[in-house]
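J.:
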Amino acid sequence: MFGSVFTATTDLLDRRFTVNVVLPVLVFAGGLTALAIAGIGWPEALTWWKARDGAEQAWLAVGAVVAVVLLAYVAAGQIMTFTRLGEGYWPRWLSRPGVALQRRRWQRLDLRTGAGYARRYHEFPIDETDLLPTRLGNVLRAAERYPADPERYGLDAVFFWPRLYLVLPADVREQVDRCRGALDRAVLVAGLAMLFPLAAVPVVAWSGGGWRLWLLGSAAAAVVAILAHRTAIDAALAFGEILRACFDLHRLTLLARFGLVHPETLEAERALWMALQQQLYRRAADDPGLLRLRPPDQP
Numbered sequence: 001m002f003g004s005v006f007t008a009t010t011d012l013l014d015r016r017f018t019v020n021v022v023l024p025v026l027v028f029a030g031g032l033t034a035l036a037i038a039g040i041g042w043p044e045a046l047t048w049w050k051a052r053d054g055a056e057q058a059w060l061a062v063g064a065v066v067a068v069v070l071l072a073y074v075a076a077g078q079i080m081t082f083t084r085l086g087e088g089y090w091p092r093w094l095s096r097p098g099v100a101l102q103r104r105r106w107q108r109l110d111l112r113t114g115a116g117y118a119r120r121y122h123e124f125p126i127d128e129t130d131l132l133p134t135r136l137g138n139v140l141r142a143a144e145r146y147p148a149d150p151e152r153y154g155l156d157a158v159f160f161w162p163r164l165y166l167v168l169p170a171d172v173r174e175q176v177d178r179c180r181g182a183l184d185r186a187v188l189v190a191g192l193a194m195l196f197p198l199a200a201v202p203v204v205a206w207s208g209g210g211w212r213l214w215l216l217g218s219a220a221a222a223v224v225a226i227l228a229h230r231t232a233i234d235a236a237l238a239f240g241e242i243l244r245a246c247f248d249l250h251r252l253t254l255l256a257r258f259g260l261v262h263p264e265t266l267e268a269e270r271a272l273w274m275a276l277q278q279q280l281y282r283r284a285a286d287d288p289g290l291l292r293l294r295p296p297d298q299p
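Next comes the structure, spelled out in structure tokens:
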């Protein structure tokens with residue numbers, strides 16, 4: 001009964017949402033349910049279920065599915081919060097030790113070796129002042145700062161990414177969405193696993209499972225959180241690389257969609273991106289002469 005109801009429900013939901021959000025929430029809810037049943041006793045729980053008639057079982061199954069879907073929508077709205085916490089956007093007093101640790105790692109990298117330079121490229125921002133207190137945060141910050149590097153394009157990724165995304169080819173957007181979905185899923189699993197011990201307290205207290213049952217569930221959740229965090233870092237590395245590629249290969253397409261004349265040199269391009277951001281954000285560029293529109297008949 002539950003399986004058929006769940007299958008019908010997933011048919012109504014976006015597949016990516018189902019995989020990235022609904023399934024992690026289902027596992028989270030299933031873990032809490034398992035703790036409750038273990039506290040009550042499996043024979044007693046099975047006896048209670050069999051005592052329900054078909055209509056009651058159907059309504060319970062529907063209610064469980066609705067609860068999971070609603071919880072999934074709530075969880076989806078918190079993915080950005082989980083991500084920012086994982087990146088290390090904490091109060092300054094809390095982030096300071098982590099930043100100091102990351103700075104020591106940043107400074108120990110030997111850029112004369114291929115391995116050292118690769119780690120700096122993928123896992124750390126160029127500027128030491130941009131360091132965050134976590135590895136996940138620095139991996140994403142490295143990708144975010146890549147196009148903004150004044151030695152590259154001087155292009156603010158945070159500002160221009162929503163605009164660039166809209167002009168990407170469909171197959172590229174699909175790759176971006178897939179990589180971002182993998183990151184969101186790993187972050188959500190890690191976040192739910194960290195919340196599991198707290199959520200398990202009232203469940204175990206209600207079912208009479210005792211602290212040993214809670215400790216067992218919390219230990220399992222800790223293992224899941226560690227594994228999910230490592231998966232999130234790998235997913236962030238993949239997402240960061242495709243983000244870099246999008247700016248490398250499609251930024252001039254964005255300029256074309258703005259109707260601007262393509263710059264002839266990299267130095268001119270950097271100045272153009274700065275002027276365009278000023279025009280869009282502040283409504284006036286310091287040098288409006290840089291924003292030259294192409295003639296209508298020019299491709």
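Using UniProt numbering, you'd call the opening residue of the sequence shown number 1 and step up by one each time.
Beta carbons: idealized from backbone N, C-alpha and C, even for Gly.
The model shown is predicted, which means the values in this text are computed figures rather than measured ones.
1) Is it true that the CB of A72 sits closer than 7 Å to the CB of V21?
2) Tell me which same chain residues have a C-beta within less than 6 Å of the C-beta of R257, skipping the five on either side of it?
3) Would the region 232-240 and the region 148-158 be scored as touching if the rule is three or more Cβ pairs under 8 Å?
4) Among the residues of its own chain, which have a CB less than 8 Å from the CB of W59, if the five just before and after it don't count?
5) I need the straight-line Cα distance from E128 to R282, nearest angstrom please.
6) Using C-beta distances below 7 Å, list every residue in its chain close to M274, excluding the 5 sequence neighbours before and after it, in chain order.
7) With a threshold of 16 other CB atoms inside 10 Å of the CB of L12, please say whether the residue is buried or exposed.
8) Do V68 and A34 have their C-beta atoms closer together than 7 Å?
9) How is L111 classed by DSSP in three states: helix, strand or coil?
10) Please name the residue, chosen from Q277, A38 and A64, that lies closest to L26 on a Cα-to-Cα basis.
11) Return the CA-CA distance between F6 and L23, expressed in angstroms with no decimal places.
12) Taking the beta carbon of T81 as the centre, do at least 16 other beta carbons fall within 10 Å, making it buried, or is it exposed?
13) Keeping to the same chain, check which residues put their C-beta closer than 6 Å to that of R185; ignore five residues upstream and five downstream.
14) Quick check: G39 and G208, are their CB atoms within less than 7 Å of each other?
15) For L293, does the three-state DSSP call read helix, strand or coil?
T.: Short version:
1) A distance below 7 Å separates the beta carbons of V21 and A72.
2) If we look at R257 and ignore the five residues flanking it on each side, its Cβ neighbours are V167.
3) Contact fails: fewer than three Cβ-Cβ distances are below 8 Å.
4) Cβ contact annotation for W59 (same chain, cutoff 8 Å, sequence separation greater than five): none.
5) Roughly 28 Å between the two C-alpha positions.
6) Cβ within range, chain order: G154.
7) Confidence is the limiting factor: at L12 the pLDDT is only 45, short of 50, which leaves the residue's position unreliable and the question unanswerable from this model.
8) Contact: no.
9) Coil at L111, not helix or strand.
10) Nearest of Q277, A38 and A64 to L26, Cα basis: A64.
11) Note that F6 scores 37 on pLDDT, short of 50, meaning its location in the model is unreliable and no value can be drawn from it.
12) So T81 ends up on the exposed side.
13) Same-chain partners within the cutoff: N20.
14) Cβ atoms of G39 and G208: closer than 7 Å.
15) In this structure, L293 counts as strand in the three-state DSSP scheme.
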